[in-house]
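Asks:
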Amino acid sequence: MRYIYEKTDFLDARCYDAFALCSEILMEHAGLALAKAVQKRLPWNKKALFICGSGHNGADGIVAARLLHGTCDVAILCPFELKTPLARLQYERAQKLGVPVVSELIDADVYVDALFGAGLNRPLDIPTCQLLETINAQKGYKIACDIPSGIQSNLALSDTLFRADETVTMGALKLALLHDNVKDVVGKIKVATLGIAHTFYDVPSPYVLIQKKDLKLPFRRSKNSNKGTFGHVAVLQGPKEGAARLAGMGAFHFGAGLVTLVGEKPKRLPVYLMHDASIPHNANVVVAGMGLLDFDTSAIKQRLLDNDLPLVIDASLCYHPFIKEIVASCKPVVLTPHPKEFSALLKLLCDEEADVEKIQSNRFAYAKTFSERFKHIVLVLKGANTIIAYQGELFINAYGRPSLAKGGSGDVLAGMIGALIAQGYALKEAAIQASLAHALVSRKLTCNNFALTPVDICKGLKWL
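The opening residue of the sequence shown carries number 5 in this note's numbering; numbering runs sequentially from there.
1. With distances taken Cα to Cα, identify the nearest neighbour of residue 231 among 423, 85, 35.
2. DSSP puts residue 401 in a beta bridge; with which residues?
3. How long is the line joining the alpha carbons of residue 133 and residue 160, rounded to whole angstroms?
4. Can you name the start and end residues of the beta strand (DSSP E) that residue 77 belongs to?
5. Tell me whether the segment 246-257 and the segment 410-418 touch, counting them as touching only if at least three CB pairs, one residue from each stretch, are closer than 8 Å.
6. What's the call for residue 130, buried or exposed, on a 16-neighbour Cβ count within 10 Å?
7. Could you tell me whether the segment 342-350 touches the segment 315-334, using the rule of 3 or more Cβ pairs below 8 Å?
8. Taking the beta carbon of residue 150 as the centre, do at least 16 other beta carbons fall within 10 Å, making it buried, or is it exposed?
9. Beta-carbon within less than 6 Å of residue 10's beta-carbon, same chain only, minus the 5 sequence neighbours each way: which residues are those?
10. Is the beta carbon of residue 170 closer than 9 Å to that of residue 495?
11. Going straight from the alpha carbon of residue 277 to that of residue 262, what length do you get?
12. So, are the CB atoms of residue 117 and residue 168 less than 9 Å apart?
13. Starting from the C-beta of residue 120, find all residues in its chain whose C-beta is less than 7 Å away, skip the five residues before and the five after it, and write them out in chain order.
14. Quick check on the burial criterion: 16 or more other C-beta atoms within 10 angstroms. Buried or exposed for residue 451?
15. Taking DSSP's pairing of strands, which residues face residue 188 in a bridge?
16. Applying the 10 Å Cβ sphere with the 16-neighbour rule, what's the burial state of residue 340?
17. Tell me, please, whether the CB atom of residue 83 is closer than 9 Å to any CB atom in chain D?
18. Going by DSSP in three states, residue 132 sits in which element: helix, strand or coil?
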């Protein structure tokens with residue numbers, strides 16, 4: 005896992021206070037990291053254009069151009085007057101070395117956006133938006149220095165954003181890079197070290213990026229075991245029985261020893277899933293909500309509240325006032341809403357009106373506040389970058405792909421979370437691991453991204 009920060013200015017200041025690394029040293033390392041990224045994308049006899057702003061971000065770009073000059077064909081474009089002493093100093097050094105400077109946009113094979121960085125605190129003006137639109141229209145490979153221009157430090161977005169194929173962010177990950185609304189413009193994100201390893205640069209943060217190496221699959225290590233060893237998942241089934249069936253399949257394929265669909269006997273049932281009219285006495289967790297539609301409230305209450313089993317709640321239950329009784333019971337609960345369902349939860353549980361657009365613009369803040377208020381709940385807020393929130397900590401899964409945007413994918417995820425809880429994982433860890441595995445399967449399977457099905461996800465778990 006890797007810490008993420010809303011702002012990193014204090015980390016740079018700490019480098020000076022704790023390690024005597026001044027801004028100029030940090031800048032040289034930032035420029036070197038940017039230069040290396042550009043060089044990898046710059047074949048012989050190809051050109052890179054650095055579009056540099058008036059402050060430290062622009063200075064990083066100028067440093068990179070200076071480091072590449074003499075071995076690569078580079079040029080600098082400075083559309084604004086340089087304002088900071090370091091920016092002017094780096095520009096002077098580049099000029100003395102003979103780095104070419106141009107006064108307007110030219111054709112290039114690599115375009116480097118070093119205009120604003122993470123410090124942007126205002127919407128871009130019209131001329132700057134027009135400049136970005138022109139750069140975006142070019143065919144060359146595009147690299148952002150620190151953060152694509154147009155993304156503001158408060159997570160607001162300008163009308164036009166630099167569309168990067170790759171972002172080299174300096175020192176540490178910025179929260180703004182993991183916002184759902186910028187996933188299409190940040191490209192591949194690389195973190196540059198600034199003269200010290202990230203283990204020294206980073207400090208604890210409530211925001212954490214989940215990485216592939218964090219995956220802990222439910223491998224069966226004990227030879228002396230049986231199906232009961234690996235837990236029993238009960239899935240409540242509603243009128244749309246296919247949704248519960250997918251959740252059951254997700255649970256079974258992710259290691260649960262037994263899976264039972266609870267409710268009326270389904271018309272079709274995979275041979276490895278069982279059925280019962282009530283929750284089995286030996287169940288370890290209940291997964292509910294998918295495919296319920298208009299359900300019998302009294303029957304659901306009896307099934308969910310007349311026991312002390314942990315719950316995984318999805319879909320229809322997020323819209324029903326009965327969710328207030330579930331939350332008030334203080335049972336351990338994992339909620340797995342998409343933004344529209346989360347909007348309903350905010351109305352029911354917090355008496356707060358927030359439509360999908362408002363939630364998507366403030367996903368991190370809403371998830372953090374919700375998890376601080378309901379400390380016994382693990383929130384899995386699904387999206388392009390899924391958030392797992394618990395007691396004020398946010399774990400962000402950036403591995404999701406458009407191939408997962410299918411009806412039934414979330415049902416499978418709920419079942420997978422239930423499977424891990426049944427196998428002894430703590431609720432937060434179950435949500436993190438299931439979300440990570442769910443996303444990694446979408447990357448492992450090589451079918452066209454429009455063709456992935458929920459059943460493919462279940463079957464693909466064996467290849468992780």
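All C-beta atoms, glycine included, are put in the ideal place defined by N, C-alpha and C.
As the structure is a computational prediction, the values presented were derived from the model and not from experiment.
Replies: Reading it off the structure:
1. Checked all of 423, 85, 35; the closest Cα to residue 231 is 423.
2. DSSP output for residue 401 lists 390 as bridge partner(s).
3. Straight through space, the alpha carbons of residue 160 and residue 133 are spaced by roughly 15 Å.
4. That run of the beta strand (DSSP E) goes 77-81.
5. These segments touch.
6. So residue 130 counts as exposed.
7. Yes, the segment 342-350 touches the segment 315-334.
8. Looking at its Cβ environment, which holds 16 or more other Cβ atoms inside 10 Å, residue 150 is buried.
9. Excluding positions up to five away in sequence, the list reads 179.
10. There is simply no residue 495 to check, as the chain begins at 5 and stops at 468 in what is shown.
11. Between the alpha carbons of residue 277 and residue 262 lies a distance of about 8 Å.
12. A contact, by the Cβ cut-off of 9 Å.
13. Counting only Cβ-Cβ distances below 7 Å, and skipping sequence neighbours, we find 57, 61, 153.
14. That one is exposed.
15. DSSP lists no partner for residue 188.
16. Of the other Cβ atoms in all chains shown, 16 or more fall within 10 Å of the Cβ of residue 340; this residue is therefore buried.
17. Absent from the structure: chain D. Only one protein chain is present.
18. Look at residue 132 here: in three-state DSSP terms it is helix.
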